[in-house]
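So the sequence shown is numbered by my numbering: it starts at -18 and just counts up by one.
Ideal Cβ placement from N, Cα and C applies to all residues, glycine included.
Here the structure is a predicted model, which is why all the values come from computation and not from measurement.
Quick notes on the structure that follows.
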Amino acid sequence: MTTTPEPPVLPASVRHPYRGAVLRGLGVVLPPLLTIVIFLWIGGTLQEYLLEPVTSWAERRLAWLIADVRASADFPPGQQGQQTALLEGTEYQRLEGGSYVPKTVYEVVRLHSASAEEPLPRTGTQCYRAYVRLTLLRPQWVIPFLLALFILVLYLLGKFMAAGIGRLFWSLVERGILRVPVVRNVYSAVKQVSGFLLNERDMRVSRVVAVEYPRKGVWQIGFVTGPGMPDVEAAAGEECVSVLVCTSPVPMAGFAVNVRRSEVVDLNITIDQAIQFIVSCGVVVPKPRDPGRVLSAQGPSQRSASAAPPRAPGNS
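Here's what the structure looks like:
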């Protein structure tokens, strides 16, 4: 009795060519599209919470400084209530609200309102705010100026904090913040995370490691952030390290654990490569940064002992 051989199982891309083509196209389009969306979100956030409030504040202050708004009673009796009036050699235009502004200011606002199909301002304050926005606070001038000013403030603040008086002043400010019951918890957590990300010294001593979690044989990538807690080391009977175990696709959404140093495997990859692996959910597999230094198949105790830096006395 002869048996009919089963037909070969075709790949999904052959069985569903349309779906395969769409998925391949999505794989090409999705990375740049998400990059654009992230930058647009950052730009929109900065515009809503930084650019618009600062611009609105500057608009009000400049309008108040340069405003030349007149009432009808300021003009000679023969010109009161007319659409245009002359005072001290300056021609003024009457607005719908009854106040007068210089003709040159009015014309700038009127031309913009006509081109943009917007209603004319009713009061002198509104007219001057529109005039300041159109002449002095144009986006092509404001955005580069605010960016340069922000960088300058960061530079001066960094120089100020590097000095002894700056650290003393900020320690007093932090002492006041840490006395507020709810704010101190949030502030302490944010300070630790930002310090880990921005402090060069902390980033240099951090290492990319792998730990077995949540069970033996399953490895998680993490970052060594410092020594272990003394009480945990006393209970474990050996030296421990603090490891930030990261979760995909957001690296900083992980959790901190204390692990025995002998159970930590140092990885021969950079921090950037580890973050790429986590963000891509394992799609981007990092290559060793130094192929000649690939870890051999020895126990994790020997690997970590050879790669771990010596601890300062008194931490154990």
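Below 7 Å CB to CB, which residues in the same chain sit around Val213 once its five sequence neighbours on both sides are set aside?
In the sequence shown, the residue the question calls residue 213 occupies position 232. Counting only Cβ-Cβ distances below 7 Å, and skipping sequence neighbours, we find Cys221, Asn239.
Buried/exposed call for Val265, threshold 16 Cβ in 10 Å
In the sequence shown, the residue the question calls residue 265 occupies position 284. So Val265 counts as exposed.
For Thr71 and Pro342, believed in contact at Cβ under 8 Å, the rounded distance
Look at the range of the chain in this structure, -18 to 297, and you will see that residue 342 is not part of it.
For Thr116, the three-state DSSP class (helix, strand or coil):
Taking the first residue of the sequence shown as position 1, residue 116 is located at position 135. It is helical.
Report all residues from its chain with a CB closer than 6 Å to the CB of Gln257; omit the five preceding and five following residues, and keep chain order.
By one-based count along the sequence shown, residue 257 stands at place 276. Excluding sequence neighbours, Gln257 sits near Val265.
Per DSSP, what kind of secondary structure is Ala227 in: helix, strand or coil?
Taking the first residue of the sequence shown as 1, we reach residue 227 at position 246. Looking at the sequence provided, one finds Cys at residue 227 rather than Ala. Cys227: coil per DSSP, three-state reduction.
Assign Pro102 to one of two classes, buried (16 or more other C-beta atoms within 10 Å of its C-beta) or exposed (fewer than that).
Taking the sequence shown and counting its residues from 1, one reaches residue 102 at position 121. Under this definition Pro102 is a buried residue.
To which residues of the same chain is Glu99 closer than 8 Å at the C-beta, ignoring the five residues directly before and after it?
Against the sequence shown, residue 99 aligns to sequence position 118. Cβ neighbours of Glu99 beyond the five flanking positions: His93.
What are the uninterrupted segments assigned as beta strand (DSSP E) that are 3 or more residues long and contained completely in the segment 46 to 111, given in chain order?
65 to 68, 71 to 75, 81 to 83
How many angstroms separate the CA atom of Ala111 from the CA atom of Val90?
By 1-based counting over the sequence shown, the position of residue 111 is 130. By 1-based counting over the sequence shown, the position of residue 90 is 109. Ala111 and Val90: Cα-Cα distance of roughly 7 Å.
Alpha-carbon to alpha-carbon, Gly157 and Ser243
Along the sequence shown, one-based indexing puts residue 243 at 262. Along the sequence shown, one-based indexing puts residue 157 at 176. Whole-angstrom Cα-Cα distance: 41 Å.
If I measure Cβ to Cβ from Val224 and keep anything under 8 Å in the same chain, skipping five residues before and after, which residues do I get?
Here residue 224 is taken as the residue at index 243 of the sequence shown, counted from 1. Excluding residues within five positions, the ones whose Cβ falls inside 8 Å are Val190, Val192, Gly203, Phe204, Val205, Thr206, Ala237, Val238, Asn239, Val240, Val245.
Taking Arg114 and Glu40 to be in contact with their CB atoms under 8 Å, please state how far apart those CB atoms are, rounded to whole angstroms.
For the purposes of this step, residue 114 is taken as residue 133 along the sequence shown, with counting starting at 1. For the purposes of this step, residue 40 is taken as residue 59 along the sequence shown, with counting starting at 1. That pair is a contact at about 6 Å.
Taking one C-beta from the segment 37 to 55 and one from the segment 115 to 123 each time, how about it: are there three or more such pairs within less than 8 Å?
Counting C-beta pairs with one atom in each stretch, the segment 37 to 55 and the segment 115 to 123 have three or more that are closer than 8 Å, which means they touch.
Could you spell out where the alpha helix (DSSP H) holding Ala2 opens and where it closes?
On the sequence shown, residue 2 is found 21 positions in, with the first residue counted as 1. Its alpha helix (DSSP H) spans residues -2 to 27.
Pro267 by DSSP, collapsed to three states: which one?
Residue 267 sits at position 286 when you count from the first residue of the sequence shown. Three-state result, Pro267: coil.
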